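S.K.: Chains as they are written, first to last, in the numbering used here: chain A, 1 to 331; chain B, 1 to 343.
Glycine included, C-beta positions come from ideal geometry on N, C-alpha and C.
No experiment lies behind these values; they were computed from the predicted model shown.
Before I ask anything, here is the structure I am working with.
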Amino acid sequence: MIRKAVWGGAALACVVGSSALYAQSESTIVTVVKVTGETWFKRMEEGVKEFDSNTPSIAASQTGPAKADAAQQQRLIEDLVAKKVTAIAVVPMDPSSLEGVFKRAMDRGIKVITHEADTQKNTLADIEAFDNKAFGARLNERMAKCMGESGKWTSFVGSLGSLTHVQWADGGAENAKKYSNMTLVDAKNESFNDANNAYQKAKEILRKHPDIKGFQGGSAIDVIGIGRAVEEAGLQDKTCVVGLGLPQDSGKYLESGAVDGIGFWDPKDAGIVMNKVAQLVVEGKPITDGMNLGVKGYEKVSVKKGAGAGVIITGEAWVDVDKSNYKQYPF
Amino acid sequence: MEVLVKRAFSDGQLNFLVGVNILVLACAAVLTGADFLDPYNLQSMASQIPELGLLAIGVMLAMISGNGGIDLSGIALANLSAVVAGLLVPGLVAPDEAPQLYAVVFCAVALTVGLLGGLLNSVLIAIVGLTPILCTLGTQLLFTGMAVALTNGSGVRIDGAGFLETLGYENILNVPWSFALFAVIALAIGAWMRFSPNGVRLFLMGTNARAAQYAGVPRIRMLMMVYTISGVLASVAGIVIAARTSSAKWDYGSSYVLIAILIVVMAGVRPEGGYGRMICLVLSATALQILSSTFNFLDISNFFRDCAWGLLLLLFLASSRIDLRMFWSQAPHKGGTATRPPL
């Protein structure tokens, strides 16, 4: 029994001893991401930290589960609700599995803000970086300019089940109708979020349509797979590849010219905006259509009713990146 | 009297777990302030225990049965039963019109799926003779795959109507219903293990399978019972998850398999079989939950939590192997074998 007590004491000393005492300030806003440690969410944390240091009245921090598991995220939020933080800003793994805990949070007077969850019912405000159709049109417009507004083009999606990807492809197709010389062939190829699948599909398309001039990517890895196929075929200068992508991952193909441009939204800005909106809600200030949230791309947000009692706030926060400026974004 | 007191404190593992619970709670209260002992937080922690606790009971039963027994398919079966019930039942009973009937049918369907899944495991292990770890790994993939195929990978929204809402959100005598349900199940299975003839046979079989066979313990029937109970418990966990999250999804709780095993090992259940106590399992689950909530209160990185759990597990395992008394006391050990606590 003594030895057990000693071992147990040792274990607890290691575990609890390494935790620091914390001081609670007036308002606390905790940002909960899908998983800690991913580049995307590290970039978001930069935004949360920036907000924290610019806003002395509020203690803002970011946390998230070590594994991308909806259950772990839910337990984490459950504890934050018990701790009674002032507001939580969540990027849900799976919006539906968090409805229960969000309801409990709001019953307890905690303000709930979400990001990338426009189907969420129990939230006060959901923040979307942009309107998906408009983002698709934007990508397509860049591709159209690159290919001289004429020729064959095709679009990729992660899967037909990914609503946002399909909206981007449709938005692109709508935009391309402006140009009578552009023809869409074999639209919405599914890459299943796998760069290798995207590569195989792109190779097939290059064989079937040797004169193809444009590719519009959907999933963030589509441009990587397409870029590889284009590079192998030596068509860097004859094709235009534009799609969602991350600067660091796509950098190699941007350099070689196989990928001509990528678009994305900056998670750092999304982190700041989530906290700003949380602050507005905590202070009881209204969020109105067309208001300026003071972050680039969110200067004139559109506000409409969400799935539940809350609102959906949509910005125009896409970032256009090409060979010249991708190095500015370290993620 | 003295004998009774001695008997009550004779289980080192139990004393240890009680001590750990008190110590963690005390540390948490000191470090995070009075908020931690707020009734809301105690209820919140209690309501987080059942999902994992029910899965851990299944793993414990499988482990006690010996011969490398384990059940890895628990959370997959829990998700599958909630998914099947969530897809099927709204078509049979409208949750708005007959909420109680809806909840009853929901539970019946989920439990049936759990029973069938448990039977599949038990047939494969007891009759076909597959190794439990490989068999349940296979069925885990099968159950997960079925849940993905049924839903195309997206979540199923579940109406928390009738007593499902009570189970997910309400308290009885200040105790969350889900925790009360878990406590009743743990008590029932604990009593079954300790007092029923089958419970005694289970321990005998786990201690020495061959001797048990010669003593007339029906091995196949016992194994079938263990894995079927485990399957049904998984579906109860599925119902609790569905009630608390109002949804069911194939990949919910993908980290639960390992945490359930951690709870079981921390409870002192012998991985070789033949020993394990329900009270220790419950205390092990509560200790882990309090520790986990403490980390969230203190805003400690979740990576550190994994590291801390691994450390805790190793120390628990080491504590049963290394005898520290050797280092500071020359007192003679008495017997050594008498340290095994009663069942």
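#1: Can you name, in chain order, every residue of its own chain whose Cβ lies under 6 Å from the Cβ of B/ALA212, other than the five neighbours on each side?
#2: How is the beta strand (DSSP E) around A/VAL30 delimited, first residue to last?
#3: What do you reckon, are the CB atoms on B/ARG201 and B/MET224 nearer than 8 Å?
#4: Taking the C-alpha atoms as reference points, what is the distance between B/MET63 and B/ALA267?
#5: Count the other CB atoms, across all protein chains shown, that sit within 10 Å of the CB of B/GLY91; report buried if there are 16 or more and exposed otherwise.
#6: Counting only beta-carbon separations shorter than 8 Å, does A/ASP194 have a partner in chain B?
#7: Is the shortest distance between the beta-carbon of A/PRO330 and the beta-carbons of chain B less than 8 Å?
#8: Taking DSSP's pairing of strands, which residues face A/GLN62 in a bridge?
#9: Mark B/ALA318 as exposed unless 16 or more other C-beta atoms lie within 10 angstroms of its C-beta, in which case mark it buried.
#10: So that I know if they touch, is there some Cβ in chain A lying closer than 8 Å to that of B/GLY155?
#11: Mark B/LEU173 as exposed unless 16 or more other C-beta atoms lie within 10 angstroms of its C-beta, in which case mark it buried.
#12: Return the first residue and the last residue of the beta strand (DSSP E) that A/HIS115 is part of.
#13: Of all the CB atoms in chain B, is at least one closer than 8 Å to the CB of A/SER191?
#14: So what's A/THR36 in DSSP terms, helix, strand or just coil?
#15: At a Cβ threshold of 8 Å, is B/SER293 touching chain A?
#16: CB-CB under 7 Å to B/ILE189, same chain, minus the five flanking residues each way: which ones, in chain order?
#17: Which two residues bound the contiguous beta strand (DSSP E) that contains B/SER47?
#18: Got a sec: is the Cβ-Cβ distance from B/GLY206 to anything in chain A below 8 Å?
#19: With the cut-off set at 8 Å, would you say B/LEU77 and B/GLY216 are in Cβ contact?
#20: With a threshold of 7 Å on Cβ separation, who are the neighbours of B/CYS280 within its own chain once the five nearest residues in sequence on each side are excluded?
#21: Taking all protein chains shown into account, decide if B/LEU134 is buried (16 or more other Cβ within 10 angstroms of its Cβ) or exposed.
#22: What's the gap between the Cα of A/LEU383 and the Cα of B/LEU142?
#23: How should A/ARG43 be labelled, buried or exposed, when 16 other C-beta atoms within 10 angstroms of its C-beta is the threshold for buried?
#24: So is B/ALA149 buried or exposed if we call it buried at 16+ other beta carbons inside 10 Å?
#25: Going by the CB atoms, is the gap between A/GLY161 and A/GLY136 shorter than 8 Å?
#26: So A/GLY100 contacts chain B; which residues on that side make the cut at Cβ distance below 7 Å?
#27: Answer with buried or exposed for A/ARG108, where buried requires no fewer than 16 other C-beta atoms within 10 angstroms of its C-beta.
#28: Indicate the three-state DSSP secondary structure (helix, strand or coil) for A/GLY310 in the structure shown.
#29: Since A/GLN72 meets chain B, which of its residues come closer than 7 Å, beta carbon to beta carbon?
#30: Just the chain A side, please: which residues come within less than 7 Å of B/GLN48 by C-beta, in chain order?
#31: For A/SER96, which of helix, strand or coil comes out of DSSP?
#32: For A/PHE331, which of helix, strand or coil comes out of DSSP?
#33: Who are the neighbours of B/ASP35 on chain A, taking C-beta pairs under 9 Å?
#34: By DSSP, does A/GLN216 sit in helix, in strand, or in coil?
#35: Determine the contact status of B/GLY118 and B/TYR227, defining contact as a CB-CB distance below 8 Å.
#36: If you draw a straight line from the alpha carbon of B/PRO39 to that of B/ARG219, how long is it in whole angstroms?
M.R.: In brief:
#1: Position 212 of the second sequence, counted from the start, is the residue given in the question as residue 212 of chain B. LEU204 and MET205.
#2: Numbered from its first residue, the first sequence carries residue 30 of chain A at position 30. 27–32 is the extent of the beta strand (DSSP E) around A/VAL30.
#3: Along the second sequence, read from residue 1 onward, the residue named residue 201 of chain B stands at position 201. Along the second sequence, read from residue 1 onward, the residue named residue 224 of chain B stands at position 224. Result no, Cβ atoms of B/ARG201 and B/MET224 do not sit closer than 8 Å.
#4: Start at 1 with the first residue of the second sequence, and residue 63 of chain B comes out as number 63. Start at 1 with the first residue of the second sequence, and residue 267 of chain B comes out as number 267. Spanning the two alpha carbons is a distance of roughly 12 Å.
#5: Counting from 1 along the second sequence, the entry for residue 91 of chain B is found at position 91. Exposed is the call here.
#6: Your numbering for residue 194 of chain A matches position 194 in the first sequence. Chain B, which has no Cβ nearer than 8 Å to the Cβ of A/ASP194, makes this no.
#7: What you label residue 330 of chain A is simply residue 330 of the first sequence in a count that begins at 1. False, the Cβ-Cβ gap to chain B never drops below 8 Å.
#8: Walking along the first sequence from the start, residue 62 of chain A turns up at place 62. A/GLN62 pairs with A/THR31.
#9: Within the second sequence, numbered from 1, the residue matching residue 318 of chain B stands at position 318. Result: exposed.
#10: In the second sequence, the residue the question calls residue 155 of chain B occupies position 155. By this cut-off, B/GLY155 is an interface position.
#11: Position 173 of the second sequence, counted from the start, is the residue given in the question as residue 173 of chain B. So B/LEU173 ends up on the exposed side.
#12: Taking the first residue of the first sequence as 1, we reach residue 115 of chain A at position 115. Counting along the chain, the beta strand (DSSP E) containing A/HIS115 begins and ends at 111–115.
#13: Taking the first residue of the first sequence as position 1, residue 191 of chain A is located at position 191. Taking Cβ atoms only, chain B never reaches closer than 8 Å to A/SER191, which makes this a no.
#14: Residue mapping note: residue 36 of chain A aligns to position 36 of the first sequence, counting from 1. Coil at A/THR36, not helix or strand.
#15: The count along the second sequence starts at 1 and reaches residue 293 of chain B at position 293. For B/SER293, the answer is yes, since a Cβ of chain A falls inside 8 Å of its Cβ.
#16: Against the second sequence, residue 189 of chain B aligns to sequence position 189. Correct list, in chain order: ILE57 and MET278.
#17: On the second sequence, residue 47 of chain B is found 47 positions in, with the first residue counted as 1. No beta strand (DSSP E) contains B/SER47, which is instead part of the alpha helix (DSSP H) from 39–64.
#18: Counting from 1 along the second sequence, the entry for residue 206 of chain B is found at position 206. It does not: the Cβ of B/GLY206 has no partner Cβ on chain A nearer than 8 Å.
#19: Reading the second sequence from its first residue, position 77 is the one you call residue 77 of chain B. Reading the second sequence from its first residue, position 216 is the one you call residue 216 of chain B. No, they are not a contact pair.
#20: Working through the second sequence from its first residue, we reach residue 280 of chain B at position 280. GLN13, LEU14, LEU17, ALA267 and GLY268, listed in sequence order.
#21: Here the question's residue 134 of chain B lines up with position 134 in the second sequence. That one is exposed.
#22: Here chain A has residues from 1 to 331 only, and residue 383 of chain A is not among them.
#23: Taking the first residue of the first sequence as position 1, residue 43 of chain A is located at position 43. It is buried - the Cβ of A/ARG43 has at least 16 other Cβ atoms within 10 Å.
#24: The sequence position of residue 149 of chain B within the second sequence is 149, counting from 1. It is exposed - the Cβ of B/ALA149 has fewer than 16 other Cβ atoms within 10 Å.
#25: Looking up residue 136 of chain A in the first sequence gives position 136. Looking up residue 161 of chain A in the first sequence gives position 161. No, these two residues do not count as a Cβ contact at 8 Å.
#26: Numbered from its first residue, the first sequence carries residue 100 of chain A at position 100. Under the 7 Å cutoff, chain B gives GLY168, ARG244, THR245 and SER246.
#27: Residue 108 of chain A sits at position 108 when you count from the first residue of the first sequence. With fewer than 16 other Cβ atoms within 10 Å, it is exposed.
#28: Within the first sequence, residue 310 of chain A is the residue found at index 310, counting from 1. In the structure shown, A/GLY310 sits in coil (DSSP, three-state: anything other than H, G, I, E or B).
#29: Numbered from its first residue, the first sequence carries residue 72 of chain A at position 72. Per Cβ cutoff of 7 Å: SER255.
#30: As a working mapping, residue 48 of chain B is identified with position 48 in the second sequence. Chain A residues near B/GLN48: ARG75 and GLU78.
#31: Against the first sequence, residue 96 of chain A aligns to sequence position 96. Here A/SER96 sits in helix by DSSP.
#32: In the first sequence, residue 331 of chain A corresponds to position 331, counting from 1. A/PHE331: coil per DSSP, three-state reduction.
#33: Counting from 1 along the second sequence, the entry for residue 35 of chain B is found at position 35. The contacting residues are GLN24, ALA82, LYS83 and LYS84.
#34: By one-based count along the first sequence, residue 216 of chain A stands at place 216. If DSSP states are grouped into helix, strand and coil, A/GLN216 belongs with the strands.
#35: Numbered from 1 along the second sequence, position 118 holds the residue referred to as residue 118 of chain B. Numbered from 1 along the second sequence, position 227 holds the residue referred to as residue 227 of chain B. Result yes, Cβ atoms of B/GLY118 and B/TYR227 sit closer than 8 Å.
#36: If you number the second sequence from 1, residue 39 of chain B lands on position 39. If you number the second sequence from 1, residue 219 of chain B lands on position 219. Looking at the two C-alpha atoms, the distance is approximately 46 Å.
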